[in-house]
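Going letter by letter, the sequence shown gives residues 21 to 233 in this note's numbering. Quick reminder that beta carbons are idealized off the backbone N, C-alpha and C, glycines included.
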Amino acid sequence: MSWRKRQVIMTLMLALVACAPRPSQPPDPTQMRYPGVLATPQALAQHEDFLARQSLVGHYGPREVHGEVVVQKRGATLTLIGMSAFGSKAFVIQQDADGVRSQEILPGSLPFPAQFMLLDVHRALFMGLSEKPDGIHDGIHKGRREGEAITETWAGGKLLRRSFRRLDRRPRGTITVEYVGGMSGSRPPAKILLDNGWFGYTVEISTVSWQAI
21 MSWRKRQVIM
31 TLMLALVACA
41 PRPSQPPDPT
51 QMRYPGVLAT
61 PQALAQHEDF
71 LARQSLVGHY
81 GPREVHGEVV
91 VQKRGATLTL
101 IGMSAFGSKA
111 FVIQQDADGV
121 RSQEILPGSL
131 PFPAQFMLLD
141 VHRALFMGLS
151 EKPDGIHDGI
161 HKGRREGEAI
171 TETWAGGKLL
181 RRSFRRLDRR
191 PRGTITVEYV
201 GGMSGSRPPA
211 KILLDNGWFG
221 YTVEISTVSW
231 QAI
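Structure, rendered in structure tokens:
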């Protein structure tokens, strides 16, 4: 093979390597905007007060994140407390009549911006089609809230699935919340699976303990 042919082949190989698809890296969450309107403190106050401890397993691109949180809803105040591996507070996120505040006690302990975590909790527990689940019959129900199409699937008097889609398609895709075994009332099931198709992450939420307060 002549030197010129070898040079042409090498050039083609380099071009193919340069054009080959590379594993995509997910964007930095701090640079993303998560649209959504939280339930108001007045709406929160209508829900049963509770204290829950939950373990989380999240997947975002190649990352796998494990954590444990304490969720408390008392009156019009919702508080999320992230726990460190040693049982101390890692971060605190709180929503009340004065707005939303967050404190990162252990640097780097917030896997996503506070607003992301708070919105996911609201979507799973507080942003349904009806404030009175007893008024919903089994089947598929659809409605709209704050620029989003919401679809719920009920069976046996329990909520099995809830999904959210932006009406303006910004961003595209669907957020789906699966209630394993179904959710009745305000008490979450042993496991909730949240698939955020807008930003490409999933969270498996296991409820370790729950009590009314």
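By the criterion of at least three beta-carbon pairs nearer than 8 Å, the region 79-89 is not in contact with the region 164-179. Sorting R189, P208 and V228 by C-alpha distance to the C-alpha of Y54 places R189 at the top. Inter-residue distance for A105 and L126 is about 11 Å (C-alpha atoms, whole angstroms). Within the same chain, D158 come within 6 Å of A175 by CB-CB distance, once the 5 residues on both sides are set aside.
Rounded to the nearest whole angstrom, the CA to CA distance from R186 to Y80 is 21 Å. Note on G78: 16 or more other CB atoms within 10 angstroms of its CB, so buried under the neighbour-count rule. Of all alpha-carbon atoms in T194, V112 and A117, the one lying nearest the alpha-carbon of G95 is that of A117. A110 sits in a strand when the DSSP states are folded into three classes.
Annotation for F184: the continuous beta strand (DSSP E) segment containing it runs K178 to R186. Under DSSP, G56 shares a beta bridge with no residue. Comparing alpha-carbon positions, the option among Q135, F111, T60 and A59 lying closest to Q51 turns out to be Q135.
Separation of S206 and D69 (C-alpha to C-alpha, rounded to the nearest whole angstrom) is 9 Å.
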